[in-house]
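Heads up, the thing below is written out as structure tokens.
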Amino acid sequence: MCAAGSGSASMRRTVFAVAALAVAWWVASALVGSRVLPSPVTVAVRFAQVWSPALWRHTLASTARVVAALILAAAVAVPLGIGAGRVAAIDRVVTPPAYLLYPVPKIALLPVLLILLGTGDVTRVAVVFLVLFFQMYIAVRDGARSVDPHYLQSIDSLGGTRLDRLRYVVWPVVLPGLLTALRIGSGTALAVLFFAETFFTRYGLGFYIVDSWMKLAYPDMFAGIVAMSLLGLGLFSVIDAVDRRVSRWRS
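Residue numbers (our numbering): 27 to 277.
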């Protein structure tokens, strides 16, 4: 019941936020002129017109790149972060380079990745991977380091294995920080992906938005922006759903 109520409240907040944004958008469009800033109705109509198949193809390309980068980042950052958080030798090897590279804007590495990996999708996935990896690694590593030794001793006294320690002690401590890092990193990842998709590709929401802008097709441009917003909303919704499902231990 609590989960259902929380979900309904979240839906109401989302609907209210969208409605408020639409009203503000409509007022701004009326003030600056519809040729520069099309109204929400114009963009919605255009969105419906171009969604299939043109915009759908670009949305699918961007979604595939983000999901691939997310899966790869989790597959590397989670075990590496847990290892660094629990084993000092791993921490000494991995964390200093991570601290050195983490503050560097990942989009600044795009030219380097283009030289090393070429102009294909691998480069775009790689730059998004870097955004997500460092966020996730540091969150997981800090969470693993903060595990209370008394909990580990309790598991050991009950005859628990290393897998039991990981499953019942380390993982519940790590998970909240990991999900927070995913929320923060996902927004940054989409921003970086937008920029990366303006180079050497003809598919993706970044390309679609910039191409529409250069053609002065402003309704199409805003339709692409709406599609990217919906992609971000989808990512956050999935993360929230995972949070509700696997973090029941917190209640």
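We put the beta carbon where it would ideally sit given N, CA and C, even for glycine.
Other residues of its chain near residue 27: CB distance less than 6 angstroms, five sequence neighbours each side excluded
Stepping through the sequence shown from its first residue, residue 27 is reached at position 1. With a pLDDT of 47 at residue 27, under the threshold of 50, the modelled position of this residue cannot be trusted, and the question is left open.
Quick test of your reading: residue 167 and residue 111, contact by CB under 8 angstroms. State the CB separation rounded to the nearest angstrom.
Within the sequence shown, the letter at position 141 stands for residue 167. Within the sequence shown, the letter at position 85 stands for residue 111. With a contact defined as Cβ atoms closer than 8 angstroms, residue 167 and residue 111 qualify at about 5 angstroms.
Check whether the segment 140-160 touches the segment 97-115, counting contact only when three or more Cβ pairs, one atom from each stretch, lie closer than 8 angstroms.
With a cut-off of 8 angstroms, the segment 97-115 and the segment 140-160 count as touching, because enough Cβ pairs lie within range.
Reduced DSSP category for residue 243 - H, G, I as helix; E, B as strand; rest coil
In the sequence shown, counting from the first residue as 1, residue 243 sits at position 217. It is coil, neither helix nor strand.
Under 8 angstroms Cβ to Cβ from residue 246, same chain only, skipping five residues before and after it: list those, please.
Locating residue 246 in the sequence shown gives position 220, where the first residue counts as 1. Sequence-distant partners of residue 246 (beyond 5 residues in either direction) whose C-beta falls short of 8 angstroms from its own C-beta, in its chain, are 72, 76, 234, 238.
Would DSSP call residue 225 helix, strand or coil?
Numbered from 1 along the sequence shown, position 199 holds the residue referred to as residue 225. In this structure, residue 225 counts as coil in the three-state DSSP scheme.
Are three or more beta carbon pairs between the segment 196-206 and the segment 135-151 nearer than 8 angstroms?
Contact between the segment 196-206 and the segment 135-151 is absent, because fewer than three Cβ pairs lie under 8 angstroms.
Check whether residue 83 and residue 229 have beta carbons under 8 angstroms apart
As a working note, residue 83 is residue 57 in the sequence shown. As a working note, residue 229 is residue 203 in the sequence shown. A contact, by the Cβ cut-off of 8 angstroms.
Alpha-carbon to alpha-carbon, residue 127 and residue 57
Counting from 1 along the sequence shown, the entry for residue 57 is found at position 31. Counting from 1 along the sequence shown, the entry for residue 127 is found at position 101. Put simply, the backbone Cα of residue 57 is about 44 angstroms away from that of residue 127.
Hey, residue 223 and residue 213: beta-carbon distance below 8 angstroms or not?
Within the sequence shown, residue 223 is the residue found at index 197, counting from 1. Within the sequence shown, residue 213 is the residue found at index 187, counting from 1. No; because the gap between Cβ atoms is not below 8 angstroms, this pair is not in contact.
Counting along the chain, where does the alpha helix (DSSP H) carrying residue 166 start and finish?
To locate residue 166, count along the sequence shown from 1; it is residue 140. From DSSP, the alpha helix (DSSP H) with residue 166 extends over 147-171.
Give the secondary structure of residue 205 by DSSP, where H, G and I count as helix, E and B as strand, and everything else as coil.
Numbered from its first residue, the sequence shown carries residue 205 at position 179. When DSSP states are grouped into helix, strand and coil, residue 205 belongs to the helix group.
Identify, in the order they occur along the chain, each residue of the same chain with its Cβ nearer than 8 angstroms to the Cβ of residue 262, setting aside the five sequence neighbours on each side.
Within the sequence shown, numbered from 1, the residue matching residue 262 stands at position 236. Same-chain partners within the cutoff: 209, 212.
Report the residue from 177, 221, 220, 153 whose alpha carbon sits nearest the alpha carbon of residue 195.
For the purposes of this step, residue 195 is taken as the residue at position 169 of the sequence shown. Comparing Cα-Cα distances from residue 195 to each of 177, 221, 220, 153, the minimum goes to 177.
Spatial neighbours of residue 252 in its chain, beta-carbon cut-off 7 angstroms, leaving aside the 5 residues before and after
As a first step, residue 252 is located in the sequence shown; it is residue number 226 there, counting from the start. So the qualifying residues of the chain are 69, 73.
With H, G and I counted as helix, E and B as strand and the rest as coil, what does DSSP make of residue 174?
By 1-based counting over the sequence shown, the position of residue 174 is 148. Coil at residue 174, not helix or strand.
For residue 132, does the count of other Cβ atoms within 10 angstroms reach 16, so buried, or fall short, so exposed?
Along the sequence shown, read from residue 1 onward, the residue named residue 132 stands at position 106. Buried, since its Cβ has 16 or more Cβ neighbours within 10 Å.
Expressed to the nearest angstrom, what Euclidean distance is found between the alpha-carbon atoms of residue 79 and residue 207?
Along the sequence shown, one-based indexing puts residue 79 at 53. Along the sequence shown, one-based indexing puts residue 207 at 181. Looking at the backbone, the Cα of residue 79 and that of residue 207 are separated by about 34 angstroms.
Going straight from the alpha carbon of residue 38 to that of residue 266, what length do you get?
Counting from 1 along the sequence shown, the entry for residue 38 is found at position 12. Counting from 1 along the sequence shown, the entry for residue 266 is found at position 240. In a straight line, the C-alpha of residue 38 is about 15 angstroms away from that of residue 266.
Confirm, please, whether the CB-CB distance from residue 92 to residue 153 is below 8 angstroms.
For this step, residue 153 is matched to residue 127 along the sequence shown. For this step, residue 92 is matched to residue 66 along the sequence shown. When the beta-carbon positions are compared, residue 153 and residue 92 stay at least 8 angstroms from each other.
Counted within 10 angstroms of its Cβ, other Cβ atoms place residue 219 as buried (16 or more) or exposed
In the sequence shown, residue 219 corresponds to position 193, counting from 1. Of the residues assessed, residue 219 falls on the buried side of the cut-off, its CB having 16 or more other CB atoms within 10 angstroms.
For residue 214, three-class secondary structure by DSSP
As a working note, residue 214 is residue 188 in the sequence shown. Collapsing the DSSP output to three states places residue 214 in a helix.
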